[in-house]
Amino acid sequence: MRMDLMSGYKGVVGLLVGNENSSNEDRYVERLLDRISNGKLPDDRRNAIAELQGVVSESQPFQLAFGAMGFPIMLSVLKEERDDVEMVRGALETLVSALTPINHAKGSSNEVQPALMNTDLLSREADCISLLLSLLEEDDFYVRYYTLQILTALLTNSPQRLQEAILTIPRGITRLMDMLMDREVIRNEALLLLTHLTREAEEIQKIVVFEGAFEKIFSIVREEGNSDGGVVVQDCLELLNNLLRSNSSNQVLLRETVGLDSLILILKLRGSSFTFNQQKTINLLSALETIKLLLKGGSESDPGKDMNKQANKTTLVQKKVLEHLLILGVESQWVPVAIRCAAMQCIGDLIVGDSKNRDLLASKVLGEEPQVEPALNSILRILLRTSNMQEFLAADYMFKSFCEKNADGQSMLASTLIPQPYSANHAFLEEDVSMSFGSMLLQSLTLGENGDLETSCRAASVLSHILKDNLQCKERVLRIEIEAAPMQSLGAPEPLMHRMVKYLAIASSMKSQVGKSSTSENSYVQAIILKLLITWLADCPSAVNCFLDARPHLTYLLELVSNLSETVCIRGFAAVVLGECVIYNKSTDSGKDAFAIVDAISQKIGLSSYFLKFDEMQKSSIFVSVKSSLTYQSFTRSSASSMVDIEDVDENDLSEKKNLDHPILSSILDSNFVNLVKSLEADIREQIVEVFSRPKTKVAVVPAELEQRSGESDGEYIKRLKAFVEKQCSEIQDVVHRNATLAEDLAKTGSTLQPEQRVGGASDRIQIETLRRDLQEASQRLEKLKEERAKVESEAIHYRNLAGKMEADLRSLSDAYNSLEQSNLQLENEVKALKKEGHSTFPDVEAIKSEAREEAQKESEGELNDLLVCLGQEQSKVDKLSARLLELGEDVDKLLEGIGDDAGAAGGAEDEEDDE
Amino acid sequence: MSYAYLFKYIIIGDTGVGKSCLLLQFTDKRFQPVHDLTIGVEFGARMITIDNKPIKLQIWDTAGQESFRSITRSYYRGAAGALLVYDITRRETFNHLASWLEDARQHANANMTIMLIGNKCDLAHRRAVSTEEGEQFAKEHGLIFMEASAKTAQNVEEAFIKTAATIYKKIQDGVFDVSNESYGIKVGYGGIPGPSGGRDGPSAAAGGCCS
Ligand SMILES: Nc1nc2c(ncn2[C@@H]2O[C@H](COP(=O)(O)OP(=O)(O)OP(=O)(O)O)[C@@H](O)[C@H]2O)c(=O)[nH]1
Ligand SMILES: [Mg+2]
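Have a look at this one:
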């Protein structure tokens, strides 16, 4: 039998190896397998299996050969020779070797990887998983150890299949969980296995938690010394995070019944050990990831997410998480920067949209007397001074979260913005804890004066958070005037806003001087300052007024919009600022009212080219990526080490792409800002059309005024009319001029754009929109169909099972019928014998006999009747079910074929007779 | 967070009998009129008091639909108590009790306390199973029995608490080795540790003493 099986596989091997005739390896493996399955001497079989393990662990061709024919034989050893520990170990070890990739120096990547193929083959073997799980209950250490390794290998390569299989095995997960209490080597292996098993498998995550995973994880972490522990702690936390990620049910359980104390304990820095090795860093990062997951509350689609998030926040704050985060993120400068960033991001998540937590943060003071200062000041100092971009971003995120929908907080911060006399500005950010938040911020804002644009733009980012959606703060900061530096003696004080525009201009000019090498850096300085202006001007006419107070501002902005050496994003932002000067313009000064701005735009840039800037910006990679952002990278063993070394974004990457925006922009431009820009764009378009459709206020045409007034002399009347006509004339000239510009603009676009392109924009978008909607509908329909199919399938399975049961019933009925007949026959024989006997001895026996026969017959007839009724019922059930199955698309005949084979032995005999 | 004991419960029974509603009524004191089919399992927790001792209930509400059986069975073994629910207005949910019970006996530990609940007793006018039948079934199979309504909250507290009281009594009587967590019981502060002295509960590590 087995030899047959193997010859069947040979063809497969031949194909895979690529030659017709089976290779030496095949023949060799085949011989060993033969010895294992057919050998008579136990020792010989053991030797054979040891030898097999040896060769399989050494070379890919042997792995391949083994994979093609060895699995059934190994599995049968595992199944049938449980008592022979040595054989079982040997078989398991051979399987481990067959599944472990062997690195071939010359092996190119597109070659078949035998270990992977073997994993796939093994995972398809029926009952393989339940067999392996049952081996976990063996006493022998190696048996359990190898088994776990095999399961892990299967899980790494075909996770879904294994996840599904394990769910169908009663107590399967329980057995794996028990391994966590086993001795260390096994426990660690089991941890890894569970980590793989729980990845993106909600049901398994829940069962694992039901089995007490949280308690076990925390007890191991504690035993290993919390964050000071080794890689086991990391594995534990990775498992923990798998169990909590997007699983609010498990989060509730952790919070409500296990508690968060053990988690907080991990964040605690113990003793005076200021040294952080890489492992400790990773452990802490993993624990911070746990905090982050809890602060997210569950998957986006979960309706209970927000409630859960709030409850998590409350509990975490009660457990003093903020204090620990401040120690890690702000106070301890010896903590690795990756941890500082993660902790600060957690602080941001903790306070966003939560007034209580914001107040709590605002009330915190750090440091020791007398060197204490508010936590917010410390964070601002970090933001301004760090040499690490990621840390700046983390601190910026913190301020953004603090200011979002927090008018009181914004006002509180803005109220400290009080200009200091110039001389005081010299002590740049020394560790002067007495400095107020506002002085620190103002001082940094104006550092552009000394050429430190970088610090200035970081401060601008914080300022934009303080101003966002807060008219009161905007007005207040508008009034801030900065003294000119003493050496630039002629300078009168100027508004802070003008300073910022000046730095924007400096940043652009520096860029053109230095050339392309520093393009990207200054482009984010510009972008951040432009973002500040956009935020400031939004909905704030006095800010627009202040901006336009200096004539050159408008000119500069117009230049920036059309400057092709700027990035798409910068040009777009500048266009937005210009647009704000139109829509929020309340000025009546002819030089700077909305008309003037629109005219300037249409003359210097051209309207269509102006609007093109918006389109380009919306299509730029940054905008697109912001929209789809928030895909958190999950923290796994493989990604851990790379996340530890947070350094500034890869510089090499940047230098070559000259017209790309700095990568930090995508962090600065959150979705709120993108949405703001989008809604502004719509308003700007509308407003500009509006401006063009109204006459300027210069000429008010009131028919009554054209009449000669009573008492007005002819001369006066003529003079007045003349003046009026003159005004109108100039108006007409204006209009003609504007008309010409527009026509020119139109003509230009007409010639540059291909017809279909011109139609482009709007109709394209409409088409895309409809397509997208169609797609959505289609995929919904598909989803529904899939659901239906699953339902139908499960129904089919149900009915098939029923049919099976019916069949079994039928069989037992026919058995009963047969045995009834049997006994009837026996009875009759007995009666016959009795009759014979009776004849010779008792003459009266004939009567007894007939009586007995009658009774027996009656009885059996009754039973037979019952039986027939039963059979009839069964038949009609089967008929009904068949019909239903047919409806469901099952092949009923094929199904029933099976039934006929084993149930109808008697019927089959009849059929044969009929045939003859 | 501190409790004398923690009990794990499961809620089982046909789909639509009101399992999720019973849990929601017990944990949140709310009623949910639309049937939100449970997918897999859902979790809820609440603290109760028995014999002046705080007892934490961890409750897993399972999906009644056949297709989830293999998943939900994983929860049987580790549970100390089960609420087996039928709908008094739908006869077939009562008829299926035997098969639920068989499942439970096969997969759960033998000491699991089972409470039979005839739910929706507010719908008396549509009753299809009499109270006596329920009682009779419970008696035959050694279950505790109650009729309840997740809608009016009638007997909902009682059902969960009575089950806990029964488990508590079994602990007092020494039926369980409570240090073995596979019975679905954990000892916290002030609970009686099992014969082998509950070494690995978090509470034991914190040095809880019996009061
Ligand atoms: N009148 C009344 N209706 C109830 C009661 N309990 C539940 N229902 C209704 O019965 C329906 C099903 O309730 P669920 O709790 O979702 O049912 P389930 O047992 O959890 O069902 P699965 O999750 O599919 O297993 C809902 O429409 C409930 O509103 C009750 O006590 N009285
Ligand atoms: Mg439910």
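In the order they appear, the protein sequences are chains A and B.
The first sequence maps to residues 8 to 923 in this note's numbering.
The second sequence maps to residues 177 to 387 in this note's numbering.
We put the beta carbon where it would ideally sit given N, CA and C, even for glycine.
Bear in mind that the values here come from a model prediction, so they are computed numbers and not experimental data.
Taking the Cβ atom as the reference point for each residue, do residue i and residue j lie within a distance shorter than 8 Å?
i, j, result
"A:L820", "A:L895", "no"
"A:S104", "A:Q60", "yes"
"A:E88", "A:M94", "yes"
"A:L174", "B:S246", "yes"
"B:F170", "B:K327", "Residue 170 of chain B lies beyond the residue range present for chain B, which begins at 177 and ends at 387; the question has no answer from this structure."
"B:A180", "B:I231", "yes"
"A:G305", "A:S253", "yes"
"A:L470", "A:S515", "no"
"A:K481", "A:C547", "yes"
"A:C353", "A:I298", "yes"
"A:Y510", "A:G598", "no"
"B:Y252", "B:A221", "no"
"B:T289", "B:T339", "yes"
"B:M291", "B:G257", "yes"
"A:A57", "A:R42", "no"
"A:H70", "A:N125", "It should be noted that the sequence gives Gln, not His, for residue 70 of chain A. In contact: A:Q70 and A:N125 (Cβ atoms closer than 8 Å)."
"A:M698", "A:V631", "Looking at the sequence provided, one finds Val at residue 698 of chain A rather than Met. No."
"A:P426", "A:I473", "no"
Can you list, in chain order, the residues of its chain whose CB lies under 8 Å from that of residue i, leaving out five sequence neighbours each side?
i, result
"A:E870", "L827"
"A:L260", "V216, F221"
"B:D212", "S196"
"B:F219", "Q234, I235, W236, D237"
"A:V551", "L544, E587, C588, Y591, N592, K593, S594"
"A:E501", "E488, I489, A491"
Considering only residues of the same chain and omitting the five flanking positions on each side of residue i, which have a CB-CB separation below 6 Å?
i, result
"B:F191", "Correcting the residue type first, residue 191 of chain B is Thr in the shown sequence and not Phe. Only G240, Q241 meet the Cβ criterion."
"A:I273", "N233, S234, A294"
"A:F580", "L537"
"A:E923", "In this prediction, A:E923 scores a pLDDT of 40, lower than 50, which makes its location untrustworthy; the coordinate-derived value is nonetheless stated afterwards. Here the set comprises nothing."
"B:F270", "Y262, V305"
Less than 7 Å between C-beta atoms, sequence neighbours within five positions excluded: which residues of the same chain meet that for residue i?
i, result
"A:E380", "V372, L373, G374, V440"
"A:L201", "L183, V215, L246"
"A:L300", "N248, L251, R252"
"B:V193", "G240, V261, Y262, D263, T269, N295"
"A:T638", "Residue confidence for A:T638 is low, a pLDDT of 41 falling below 50, so the modelled location carries little weight and cannot support an answer."
"B:G254", "K184, S358, G360"
Give me the Cβ distance between residue i and residue j, rounded to the nearest whole Å; I'm assuming they're in contact under 8 Å.
i, j, result
"A:K312", "A:S255", "6 Å"
"A:M624", "A:V584", "So it is not a contact: roughly 12 Å between Cβ atoms."
"A:F283", "A:L383", "A:F283 to A:L383, Cβ: 26 Å. No contact."
"A:M351", "A:M405", "5 Å"
"A:L102", "A:I157", "5 Å"
"B:S325", "B:K296", "6 Å"
"A:P343", "A:T288", "5 Å"
"A:L928", "A:D242", "The shown model of chain A, from 8 to 923, leaves out residue 928 of chain A, and the question about it has no answer."
(request) Return the residues of the stretch 252-264 of chain A that lie within a Cβ-Cβ distance of less than 7 Å from chain B, sorted by chain order. (result) S256, V259, L260, E263, T264
(request) Let me know the beta strand (DSSP E) ranges lying completely inside the stretch 190-250 of chain B, each 3 residues or longer, listed in chain order. (result) 217-226, 229-238
(message) Please list, in chain order, the residues of the stretch 206-232 of chain B that have any C-beta partner in chain A closer than 7 Å.
(response) G216, V217, E218, F219, A221, K232
(request) Closer than 8 Å, Cβ to Cβ, to anything on chain A: give me those residues from the stretch 241-264 of chain B, in chain order. (result) E242, S243, S246, I247, R249, S250, Y251, R253, G254
(message) So if I threshold CB-CB distances at 7 Å, which residues from the stretch 267-298 of chain B count as touching chain A?
(response) H283
(request) Kindly provide the ranges of any alpha helix (DSSP H) runs that are 4 or more residues long and lie completely inside the stretch 338-420 of chain A, ordered along the chain. (result) 344-358, 362-370, 382-392, 396-410
(request) Give, in chain order, every residue of the stretch 159-175 of chain A whose Cβ lies closer than 8 Å to some Cβ of chain B. (result) L174, T175
(request) Could you list the residues in the stretch 334-367 of chain B with a C-beta less than 9 Å from some C-beta on chain A, going in chain order? (result) E357, S358, K362
(message) Under 7 Å, CB to CB, which of the residues in the stretch 773-804 of chain A have a partner in chain B?
(response) S801
(request) Only counting runs of 3 or more residues, tell me where the beta strand (DSSP E) segments fall wholly within the stretch 292-351 of chain B, in order along the chain. (result) 320-323
(message) Give me the subset of the stretch 177-196 of chain A whose CB atoms are less than 7 Å from a CB atom of chain B, sorted by chain position.
(response) P177, R178, I180, T181
(request) Output, in sequence order along the chain, the residues in the stretch 63-96 of chain A whose CB is closer than 9 Å to any CB in chain B. (result) none
(request) Return the residues of the stretch 198-212 of chain A that lie within a Cβ-Cβ distance of less than 8 Å from chain B, sorted by chain order. (result) E209, E210
(message) Counting only Cβ-Cβ distances shorter than 7 Å, please list the residues of the stretch 214-228 of chain A near chain B, keeping chain order.
(response) I214, F217, E218, G219, E222, S226
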